[in-house]
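Participant:
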Amino acid sequence: MAEGILCSIAEAILRKLSFFAVNEIQLATSFKKDLEKLNDTLSTIRAVLLDAEQQEVNHAVKDWLRKLKDVLHDAQDLLDDLSVEALRQNVEAEWWLMTKVRNFFFCSEMGRRIVDIREKLEAISEERRAFHFREQVGNHLITKREETYSFVRFTEVVGRENDKNAIVELLLGNTEESLSVIPIVGMGGLGKTTLAQLAFNDDSLKGYFDLRIWVCVSDDINEKKIVQKIIEDVAGVDYVNRCMEYLHRLLLEILKGKKFLLVLDDVWNGNYAEWYRLRNLLTDGAKGSKILVTTRYKNSASVMGTVSLYHLAGLSDDDCWSLFEKWAFREGESTRYQNLVIIGFQLVGKCGGVPLAIRTLGSLLRLEREESYWLSVKNNEILDIAQEENDILPVLWLSYDQLPSNLKECFAYCSLLPKGQEFDKDTLIQLWMAQDFIQSSNGNEQLEDIGSWYFDELVSRSFFDVVHQNYKAETVKCRMHDLVHDLAKSVAGKECLTVKFGTTSIFKSVRHVSFFGYHQIEDVKPLRKVSKLRTLLLPVKLGRSLERLLDALLPCSTFLRVLDLSYSDIEYLPSCIGDIKHLRYLNLNGNNSIKYLPDSICKLYLLQTLKLLGCVQIGYFPTKFSNLKSLRHLVINSPRMRIWEKQIESLTSLQYLRIVHCDKIVSLSEGMQHLTSLRTLHIHNCGKLTSLPSSIGNFIALQNLEIVNCPKISLFEDWGLGLVSLRSLVIKGLPQLLTLPQGIECYPSTLQSLLIIDCLNLMTLPECLGNLASLKRLYISRCPYLPHLPDSFHHLTSLQVLQIDQCPLLSTRCTREVGADWHKIAHVQEIYVDKVKI
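Below, the structure is given as structure tokens:
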């Protein structure tokens, strides 16, 4: 068994204690001694944690671990307060007398708190003797894989072709009814959603139905919620606060006279009354309309279906092995490991034909070639637990059990995400960072990179399914299978809670809370009694009533690290936000009525992420915005926004800066040269921006640069000199661009992706393009006057993908075998011209 979550928390605290011993803040001698004693006591407990967490089935041990976890969280909060004070001293160093007075009271308070925590830990340490725990050493941190490997893609499905054809035939079949309902029924993990997706995207259906609508239900049937989701899928507009009568009229306009296919994925309880009302609202479409339902529950299917249920069976033995082989071995590798193949057949036999179980098991074994490890998995008693219908698969428990402790922490936190919905990779990593889940083993790696390894590891172990990749073939969006989400919820226990509509009470021990979908203000009010809240995800339109509640709630939530108020329709952010000194993540996206940020936000010395996308009324930053020394991710989106040099140049921790629709900006400050940690810079739709700072070459860490729809920008000849780390460059919507700047030849060893789009006057590509020895992907789109590729193009020997779209002159010259430029590109592995692979 891998280490549990407490090991990760304890290790993080010990690392911070070690850091405080030599850095950060000037402390009294007695205070330092208390920290040293705390470190010694925690080190003693840490040594036996692995054995203790393995004995958690014992109720007394479980209670001991619970008490320990509470004290460890208190210790984390204390160390956060020390970090805040260190940053405050650094910012306010010139106010020497004020700092000295504050230090006296601060150390007095901290002294009392640390003694209290130390005494509690010593008592817990003494109690451990009664359990006779053994000292064990485990690998609490995930380490980067020695080699990269490609994941089996979401679209690679085994053994479901006949099922797909049968469903498609049912959907195309003529019936006497104006609306037919076809339920797909089967236990969790069989692939009902995958089968529905295969049918939904089948070419034969695309011309047959006027509308194809996909709704992820992942809940009981709720008439209003489903109607809202149908309208949102078709119209792309969120009508969450509209009354049912208004929604009904919109739905009628959308469906009337049209033959539609509606997929209701993952329906739980098919309440007949709710279903009857919903079905009546869907009868305005043309004859031949169909509803395809996926559900684990036969009773729900029987209530909803108008044709016989389609019972999805497990995979055949041959298909089971074929799927396992794809995930557990590299191509052709199984022939070299016959000993593992024999064990593999036995393991597959324990999966009951369930694709999710097979895939998860294969992921667990993919990079392990020691026979002893495969045997230990085969003999693990978890796999012998009888699988009950609708229970979490035993193999999922086994895969979770094998996770390193810090990954267990990250995975459990994912229970806060809305079930069945896509989630963004970068956002999830930022949330993990805000909770201190991400730990560096050597101090030289960026937390974002480590978080990306964590995320990719959860993908590789089949906890996350990839649903979208960017132009660099990097994963950007994922989702969790329902059963995996159930597992996350189970292991998170009472620390994480997703609040449902109509909730009247919330247990006081909860630390992480999320709200999604439709809610009323009464659902949020119970949070006022929760004193140790660390996460509040509240992207719900509640408007002025939420503003009033925040005035009362935030002063009681001083340990909050994550606050998401995106699209909540508030008009102001309470000034008490500055008292939430542990806050690291603040998302205000979509609040287009907020006119300013309160000055108190500048006291959030630990703030790492600030998102203001869609906050179009904000015209300026507070005067002391430069105090936010820890800020790493900043998104700005306001036509009224001006960026002041001193406010930006002091944000030396900034890693990611996105500037969108900032029409007041004519030029970017030369003071930005101090942003030497900046790794991603996106500048989109800044209509008056004429130039980038000449000091852009000082961005020695910059890896990703996007300049999009900035029509007045012209790139000077030596632009880009000094961008020694650049890996990806996107140039889009620059009508003044006639050729790429010669400076592009100065980073041949790093640039891997280049996109040139909507540069309507681009006349030539320079010969120095051939010097980009590391270039793997090149996209050229809607550049109508680009006549040919440079002669040096054949030197791009690393190029794997070339895509040319709507470039008529270039497309003709790149015709396979006969085009005038074919000899320049023939070596490229994948070539697409006007979206056709040649």
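Taking the numbering used here, I'd label the letters of the sequence shown as residues 244 to 1081. Where a beta carbon is used, it is the ideal one built from N, C-alpha and C, also for glycine. Note that the structure is predicted; figures quoted are calculated from it, not measured.
(1) Applying the criterion that 16 or more other CB atoms from any shown protein chain within 10 Å of the CB defines a buried residue, is R573 buried or exposed?
(2) Give the straight-line distance between the Cα atoms of D463 and W511, rounded to the nearest whole angstrom.
(3) Go ahead and pull the three-state DSSP assignment for F503.
(4) Expressed to the nearest angstrom, what Euclidean distance is found between the alpha-carbon atoms of S811 and Q979?
(5) Return the residue from the list Y656, H825, L249, M884 that minimises the CA-CA distance to P865.
(6) Could you check the C-alpha separation between M341 and Q332 for me, to the nearest Å?
(7) Per the contact definition of three or more C-beta pairs closer than 8 Å, is the stretch 699-713 in contact with the stretch 1001-1016?
(8) On the DSSP letters alone, give me the boundaries of the beta strand (DSSP E) that C721 sits inside.
(9) Return yes when the Cβ of I987 is within less than 8 Å of the Cβ of Y1022, no when it is not.
(10) Can you determine whether any heavy atom of the ligand GDP sits closer than 7 Å to the C-beta of E517, and answer yes or no?
(11) Can you check DSSP and say which residues form a bridge with R455?
(12) On a CA-only basis, which of H554, L650, I534 is nearest N542? Give me that one, please.
(13) For L803, which three-state DSSP category applies?
(14) K772: buried (16+ other C-beta within 10 angstroms of its C-beta) or exposed?
(15) Between which two residues does the beta strand (DSSP E) containing C739 stretch?
(16) Which residue's Cα is closest to the Cα of F374: G416, T778, A303, V401?
(17) Using C-beta distances below 7 Å, list every residue in its chain close to L608, excluding the 5 sequence neighbours before and after it, in chain order.
(18) Assign D679 to one of three DSSP states: helix, strand, or coil.
(19) Please give the ranges of any beta strand (DSSP E) in the stretch 975-1027, keeping only runs that are unbroken, at least 3 residues long and fully inside the region.
(20) Just tell me which of D807, E362, A1063, R787 has its CA closest to the CA of T670.
(21) Output the distance between the C-alpha atoms of T437 and E949, rounded to the nearest integer angstrom.
(22) Taking Q673 as the reference, give the member of L604, R970, E279, Q851 with the closest Cα.
(23) On the criterion of 16 or more Cβ atoms from any shown chain inside 10 Å, does E328 qualify as buried, or is it exposed?
(24) DSSP three-state call for L850: helix, strand or coil?
(25) Out of D445, K468, K472, S447, point me to the one whose CA is closest to I456's CA.
(26) Would you be able to state if there are at least three C-beta pairs under 8 Å between the stretch 412-422 and the stretch 582-602?
(27) For L1052, which residues in the same chain have their Cβ closer than 8 Å to its Cβ, ignoring the five residues on either side in sequence?
(28) For G592, would you say it is in contact with chain D, using Cβ-to-Cβ distances shorter than 8 Å as the test?
(29) Quick test of your reading: V506 and V458, contact by CB under 8 Å. State the CB separation rounded to the nearest angstrom.
(30) Taking the Cβ atom as the reference point for each residue, do I813 and I844 lie within a distance shorter than 8 Å?
(31) Please specify which runs of the alpha helix (DSSP H), each continuous and at least 4 residues long, are wholly inside the stretch 553-612, giving them in chain order.
(32) Counting Cβ pairs, one atom from each stretch, are 3 or more of them under 8 Å apart for the stretch 520-531 and the stretch 492-504?
(33) With 16 other CB atoms within 10 Å as the buried threshold, where does Q682 fall?
(34) Using the three-state DSSP reduction, which class does I749 fall into: helix, strand or coil?
(35) Near R258, what residues of its chain come up, given a Cβ to Cβ distance below 8 Å and the 5 sequence neighbours on each side ignored?
(36) Can you give me the start and stop residues for the beta strand (DSSP E) that S423 sits inside?
Facilitator: Well, looking at it:
(1) By the neighbour-count rule (16 or more Cβ atoms within 10 Å), R573 is not buried but exposed.
(2) 5 Å
(3) In the three-state DSSP reduction, F503 falls in the strand class (E or B).
(4) 40 Å
(5) M884
(6) Here the model assigns M341 a pLDDT of 44, short of 50, so the residue's position is not dependable and the matter cannot be decided.
(7) no
(8) 718-722
(9) no
(10) Of the ligands one can find in the structure shown there are none, so the ligand GDP has no counterpart to examine.
(11) L504
(12) Measuring C-alpha to C-alpha distances from N542 to each of H554, L650, I534 identifies H554 as the nearest.
(13) coil
(14) exposed
(15) 739-742
(16) A303
(17) A571, W617, V620
(18) coil
(19) 996-1000, 1020-1024
(20) D807
(21) 35 Å
(22) Q851
(23) buried
(24) coil
(25) For I456, the nearest C-alpha among the options comes from K472.
(26) no
(27) P1027, Y1028, L1029, P1030, H1031
(28) Absence of chain D from the displayed structure is noted, only one protein chain being present.
(29) 7 Å
(30) In this structure, I844 does not lie closer than 8 Å to I813 by Cβ.
(31) Within the stretch 553-612, the alpha helix (DSSP H) runs of at least 4 residues that lie entirely inside it are, in chain order, 560-571, 581-592, 598-608.
(32) Touching, yes, given that three or more Cβ pairs across the two stretches are closer than 8 Å.
(33) buried
(34) coil
(35) Q682
(36) 422-428
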